[in-house]
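The listed protein sequences correspond, in order, to chains A and B.
Counted the way the working numbering counts, the first sequence spans residues 22 to 367.
Counted the way the working numbering counts, the second sequence spans residues 22 to 367.
Beta carbons are placed, not taken as given, at the ideal position from N, Cα and C, and that holds for glycine.
Remarks on the structure that follows.
2 protein chains.
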Amino acid sequence: MRVDKDLAFILQFENVAWFEDGVVRILDRRIYPMETEYVVCHTHHDVVKAIQDMVTQSGGPYLAASMGMVLAAHECKIKNLDKKETIAFMREAADAIANARPTTSSRMKNIVDQSYAKVIENDWHNHDALIELVKEYAIEEVSGRYSRIEKMGEQLATKVPKGGTVMTQCFAETIVGMLCRHLKLQGKEDVKFITPETRPYLQGARLTASVINDMGFDVHVITDNMPGYIMKEKKVDLFTSASDMITQDGHVINKVGTFQIAVLAHYHGIPYYVTGAPSTIHKDLETIEIEERDHNDVLTHLGKKATMDGVKAYYPAFDITPPQFCSGVITEKGIFSPFDLDSYFK
Amino acid sequence: MRVDKDLAFILQFENVAWFEDGVVRILDRRIYPMETEYVVCHTHHDVVKAIQDMVTQSGGPYLAASMGMVLAAHECKIKNLDKKETIAFMREAADAIANARPTTSSRMKNIVDQSYAKVIENDWHNHDALIELVKEYAIEEVSGRYSRIEKMGEQLATKVPKGGTVMTQCFAETIVGMLCRHLKLQGKEDVKFITPETRPYLQGARLTASVINDMGFDVHVITDNMPGYIMKEKKVDLFTSASDMITQDGHVINKVGTFQIAVLAHYHGIPYYVTGAPSTIHKDLETIEIEERDHNDVLTHLGKKATMDGVKAYYPAFDITPPQFCSGVITEKGIFSPFDLDSYFK
Numbered sequence: 022m023r024v025d026k027d028l029a030f031i032l033q034f035e036n037v038a039w040f041e042d043g044v045v046r047i048l049d050r051r052i053y054p055m056e057t058e059y060v061v062c063h064t065h066h067d068v069v070k071a072i073q074d075m076v077t078q079s080g081g082p083y084l085a086a087s088m089g090m091v092l093a094a095h096e097c098k099i100k101n102l103d104k105k106e107t108i109a110f111m112r113e114a115a116d117a118i119a120n121a122r123p124t125t126s127s128r129m130k131n132i133v134d135q136s137y138a139k140v141i142e143n144d145w146h147n148h149d150a151l152i153e154l155v156k157e158y159a160i161e162e163v164s165g166r167y168s169r170i171e172k173m174g175e176q177l178a179t180k181v182p183k184g185g186t187v188m189t190q191c192f193a194e195t196i197v198g199m200l201c202r203h204l205k206l207q208g209k210e211d212v213k214f215i216t217p218e219t220r221p222y223l224q225g226a227r228l229t230a231s232v233i234n235d236m237g238f239d240v241h242v243i244t245d246n247m248p249g250y251i252m253k254e255k256k257v258d259l260f261t262s263a264s265d266m267i268t269q270d271g272h273v274i275n276k277v278g279t280f281q282i283a284v285l286a287h288y289h290g291i292p293y294y295v296t297g298a299p300s301t302i303h304k305d306l307e308t309i310e311i312e313e314r315d316h317n318d319v320l321t322h323l324g325k326k327a328t329m330d331g332v333k334a335y336y337p338a339f340d341i342t343p344p345q346f347c348s349g350v351i352t353e354k355g356i357f358s359p360f361d362l363d364s365y366f367k
Numbered sequence: 022m023r024v025d026k027d028l029a030f031i032l033q034f035e036n037v038a039w040f041e042d043g044v045v046r047i048l049d050r051r052i053y054p055m056e057t058e059y060v061v062c063h064t065h066h067d068v069v070k071a072i073q074d075m076v077t078q079s080g081g082p083y084l085a086a087s088m089g090m091v092l093a094a095h096e097c098k099i100k101n102l103d104k105k106e107t108i109a110f111m112r113e114a115a116d117a118i119a120n121a122r123p124t125t126s127s128r129m130k131n132i133v134d135q136s137y138a139k140v141i142e143n144d145w146h147n148h149d150a151l152i153e154l155v156k157e158y159a160i161e162e163v164s165g166r167y168s169r170i171e172k173m174g175e176q177l178a179t180k181v182p183k184g185g186t187v188m189t190q191c192f193a194e195t196i197v198g199m200l201c202r203h204l205k206l207q208g209k210e211d212v213k214f215i216t217p218e219t220r221p222y223l224q225g226a227r228l229t230a231s232v233i234n235d236m237g238f239d240v241h242v243i244t245d246n247m248p249g250y251i252m253k254e255k256k257v258d259l260f261t262s263a264s265d266m267i268t269q270d271g272h273v274i275n276k277v278g279t280f281q282i283a284v285l286a287h288y289h290g291i292p293y294y295v296t297g298a299p300s301t302i303h304k305d306l307e308t309i310e311i312e313e314r315d316h317n318d319v320l321t322h323l324g325k326k327a328t329m330d331g332v333k334a335y336y337p338a339f340d341i342t343p344p345q346f347c348s349g350v351i352t353e354k355g356i357f358s359p360f361d362l363d364s365y366f367k
């Protein structure tokens, strides 16, 4: 049985990123749920571009990356490359995909490098076998990821009181589905969710709220200037977010807004749990680069400009939450203090 | 010389709310600067509805209220009411306008009561004289308000270092224009501004940024999930907001978002100055009611829905910042500690 069974629509593999019939189809999360459309990629360069254009986000780019490698193998077949040329092509594809976005590059690199390892470690005799091999890895990788996330979702669910209220920032993706699955298994169908909308991409309003609604739970959206006030007024029990990166010294890099909600949760005495494994690469903030995204996104709302000519904008995609504002790092191995992530690697 | 001379377009009296030719025209701040349109009110009930519909906001409703009284006087003329009937009609109009919105009702009541006082204290012989009398009061009231605000703007400007960066929330309206006027007079044309967009009405992106741009200063808009991160990254020197209400015990009631930015400014060691006089009526929070607004505004962006059916929303219009997060209350009489507002009344 596939691990994504009975999860919300956009958490099903085919609705994240999927190779079939010579193309990779990526659900366009920029316009969901207003429209349900897929960006069709004919080459791995199209996949890189789709990742850069934020067609998908959160965990989406990882499946897009591994499926992009399947597409690269398909390109080798179309180009009729010999084995040596195929290996060189796959290496270049892996590098191109790994570097699509700076903040997520270390996890992305890990995935495409393992995909590439399949190419060189296995004895494949034709491109169809190669495609199958690399697609098998993609499904295995995403299934493994979903299963690890399920362990986090299960632990997170134990921290939520029956009838309680959870605030979650941006789109923690699979973790949201798994949290809902395990809240049900624990008899907590009455838990309520509050999701800040997460401008400018609106992950909270569009994606998180849709997943929670799909999973059958009560969900209220708020604007991003409300969490500090609402978490007290509506008696939030727990704040949680996923992470684009957790450094080994306990700094959480996640969608901009996480930091300020974490500080406010701390002020109100509400625990903040981050989900995700600490980075195997980034010891501290020294090697972290925060992307600046297209300023025009801040000046527009669903494509409509709201500002006078001459008005500028800033758009840092992520922010950094220091460990003192994080109550626990929920990993597939258990819950760790952000100051004790060494224990995770032991 | 009128006190609004050389201020930004939307701070000119005629572009706030203005009685002329038997109607009150109110600039529609809901769609500015994308469109520059006026809502035309033919009765004081239209003015009440416009205030309730948030056609105008911040200081706008106060001028709309006093101009609404002029319109009521005009209605008495059209209805050909006698003196006694006119006085009764004006009393009813004053009550209707005063209660248009709960949070601003005390200031609003003060304005329409003074307008009504003109009606009963003065010896007017026909409705034209009454109209002139009440309009004179409206202009006098708004001019007095602008002049008091100018004193606040001047003091606030002294707190901004040359070349410094100011963050301001929502739309502090006239204070923004007066701050800019006095920054120039103090030789600080190089000051930069950062304005959180202030969803869902976008006062920051649409109104504040437009005024600052009109006044010739550098301005960057950010989304409401960025202030905590940006105020450190861009080295903000000062956070400031206006107030819908300051209780006598130092709680600031202002557009939702003010509280969380104040907490974050406090965390970063950045001063937060609120402008506005303490309430003559509200001693503490006991008598304060926070309006809940139309939830649909949270679920839509410039009229376009972003959420799946079934997803709900919260929309508290204001929040409450406790005095420990406020560095000073800037009034027309000087700067006071929020814990020492008794001194303001001495």
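- Contact between the region 237 to 248 of chain A and the region 252 to 271 of chain B is absent, with fewer than three C-beta pairs closer than 8 angstroms.
- Here Asp235(B) is not near Phe214(B), since their CB atoms are 8 angstroms or more apart.
- When C-alpha distances from Glu175(B) are compared across Arg166(B), Ala159(B), Gly185(B) and Arg202(B), the shortest belongs to Arg202(B).
- In the three-state reduction of the DSSP assignment, Phe366(A) falls in the helix class.
- Linking Arg50(B) to Ile233(B) through their CA atoms gives a straight-line distance of about 16 angstroms.
- Counting only runs that start and end inside the region 279 to 359 of chain B, the beta strand (DSSP E) elements of at least 3 residues fall at 293 to 296, 339 to 342, 349 to 352 and 355 to 357.
- Residue pairing by DSSP places Tyr59(B) opposite Leu48(B) in a beta bridge.
- Going by DSSP, Val140(B) is part of no beta strand (DSSP E) but of the alpha helix (DSSP H) stretching over Ser126 to Glu142.
- With a contact defined as Cβ atoms closer than 8 angstroms, Lys276(B) and Gln345(B) miss out at about 20 angstroms.
- In the three-state scheme derived from DSSP, where H, G and I count as helix and E and B as strand, Glu194(B) is classed as coil.
- The shortest CA-to-CA distance from Thr352(A) to any of Gly81(A), Met90(A) and Arg169(A) is the one to Arg169(A).
- About 7 angstroms separates the beta carbon of Val187(A) from that of Asp258(A), a gap short enough to meet the 8 angstroms contact definition.
- Across the structure, Cys62(B) and Ala71(B) are spaced so that their CA atoms are roughly 8 angstroms apart.
- Here Ile274(B) is buried. Its C-beta has 16 or more other C-beta atoms within 10 Å.
- About 12 angstroms separates the CB atoms of Ala119(A) and Ala93(A); that is not less than 8 angstroms, and the two are not in contact.
- No Cβ of chain B is located within less than 8 angstroms of the beta carbon of Thr268(A).
- Per DSSP, the unbroken alpha helix (DSSP H) holding Phe110(A) starts and ends at Lys104 to Ala119.
- Lys205(B) carries a helical assignment under DSSP once its states are collapsed to helix, strand and coil.
- Residue contact with chain A for Met75(B): absent (no Cβ-Cβ distance below 8 angstroms to any residue of chain A).
- Going by DSSP, Val163(B) is part of the alpha helix (DSSP H) stretching over His148 to Thr179.
- Within the region 270 to 285 of chain A, Val277, Gly278, Phe280, Gln281, Val284 and Leu285 place their CB atoms closer than 7 angstroms to a CB of chain B, listed in sequence order.
- Closer than 8 angstroms at the C-beta level to chain A, one finds these residues of the region 203 to 230 of chain B: Ile215, Pro217, Glu218, Thr219, Arg220, Pro221, Leu223, Ala226, Arg227 and Ala230.
- For Asn36(B), the secondary structure class from DSSP, reduced to helix, strand or coil, is helix.
- The continuous alpha helix (DSSP H) containing Asp67(A) extends over residues His65 to Gln73.
- Per the Cβ contact rule, the region 304 to 312 of chain B is in contact with the region 323 to 343 of chain B (3 or more Cβ pairs under 8 angstroms).
- Beyond the five residues adjoining it in sequence on each side, Pro359(A) comes within less than 6 angstroms, by CB distance, of Gly271, Pro344, Cys347 and Val350 in the same chain, given in chain order.
- Under the Cβ distance rule, Met188(A) does not count among the residues neighbouring chain B, no pair being separated by less than 8 angstroms.
- Sequence-distant Cβ neighbours of Ser231(A) in its own chain, meaning closer than 6 angstroms and more than five residues away, are Pro54.
- Take Tyr59(B), set aside five residues on each side of it, and the residues of its chain with a beta-carbon closer than 7 angstroms to its own are Arg46, Ile47, Leu48 and Asp49, in chain order.
- Inclusion of Ala38(A) and Leu84(A) in the CB contact set at 8 angstroms is warranted, their separation being smaller than that value.
- Counted as a single uninterrupted DSSP element, the beta strand (DSSP E) harbouring Leu259(B) occupies residues Leu259 to Ser262.
- Beta-bridge pairing by DSSP links Phe238(B) to no other residue.
- Taking C-beta atoms under 8 angstroms as the contact rule, Pro182(A) and Met129(A) fail to qualify, at a distance of about 37 angstroms.
- Sixteen is the threshold: since fewer than 16 other Cβ atoms of the shown chains lie within 10 Å of the Cβ of Pro123(B), the residue is exposed.
- CA-to-CA, the gap between Val69(A) and Ser87(A) works out to about 11 angstroms.
- Chain-order list of chain B residues neighbouring Ile302(A): empty, with the shortest C-beta distance near 23 angstroms, by a criterion of under 8 angstroms.
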